[in-house]
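Just below is one structure, and these are the notes that go with it.
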């Protein structure tokens, strides 16, 4: 079966293997030949990145037609009002396109690893964390969405893609799985639990209730 790599991409690492003049690349995290990202994650964003050497699997994961849900924990500047959250849920006009409806809820401060460099805060402006689930993945989409809603993003961590999640991976750490194409979510069922033949049976975090996320990392409130 095809191999899938789950990587916790650190902040500042660019999603390419070729050398870059100012940023570390995936070579600093993934010492394996012949694998490529199935999708991308901005250089200034952190968290789950999927890689594989299987072209069919890579296309299946990255192709937007399959609409695999992507779950982000987003630290935003400001105290969100319900109308701002509802704007994110209904879809945001970003000028070049209108985003599809998203699942958005406020969450407790998650227990994450310290970011390097730390987030810059303004002492006079509050901040909070949101969980945002989208099925798209256009360039800097989540950051643009929150900015349009008046909630600039301070820190962005992707914690799940479809049925795969970080599950305790620290920055730069990876986990390898065997994945059957037959067990991947079908259109209209993205995010469901893989079938019995899949090696990874975890799902994206539930978006119900008001409790915070369940992942456990070293707590660091102010990064």
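Numbering (full-length UniProt numbering), first residue to last: 1 to 223. Don't be surprised by glycine CBs; every beta carbon is placed ideally from N, CA and C. The structure presented is a predicted model; accordingly, all values stated were derived computationally and were not measured.
1. Please report the residue range of the alpha helix (DSSP H) in which residue 55 lies.
2. Which of the three DSSP states, helix, strand or coil, is assigned to residue 136?
3. Residues in the same chain with beta-carbon distance under 7 Å from residue 126, minus the five sequence neighbours each way, listed in chain order, please.
4. Given a cut-off of 7 Å, decide if residue 177 and residue 7 are closer than it, judged by their beta-carbon atoms.
5. Whole angstroms are fine: how far does the CA of residue 151 sit from the CA of residue 172?
6. Could you give the C-beta distance for residue 26 and residue 15, rounded to a whole number, given that I count them as a contact under 8 Å?
7. Assuming residue 11 and residue 46 form a contact by the criterion Cβ under 8 Å, report the distance between their Cβ atoms to the nearest whole angstrom.
8. Return the bridge partner residues of residue 174 from the DSSP annotation.
9. So, with DSSP's three-state summary, where would you put residue 66?
10. For residue 16, which of helix, strand or coil comes out of DSSP?
11. Within a Cβ cutoff of 7 Å, which residues of the same chain sit near residue 143, ignoring the five residues on either side of it in sequence?
12. Closer than 7 Å, CB to CB, is residue 16 near chain B or not?
13. My output table needs one value for residue 102: the three-state DSSP class, helix, strand or coil.
This is what the structure gives:
1. 55-62
2. coil
3. 78, 79
4. no
5. Going from the Cα of residue 172 to the Cα of residue 151 covers about 29 Å.
6. Rounded, the Cβ-Cβ distance is 7 Å, consistent with contact.
7. 5 Å
8. 7
9. Three-state DSSP puts residue 66 in a helix.
10. coil
11. 153, 156
12. Checking the listed chains, one finds no chain B in this structure; it contains a single protein chain.
13. Here residue 102 sits in coil by DSSP.
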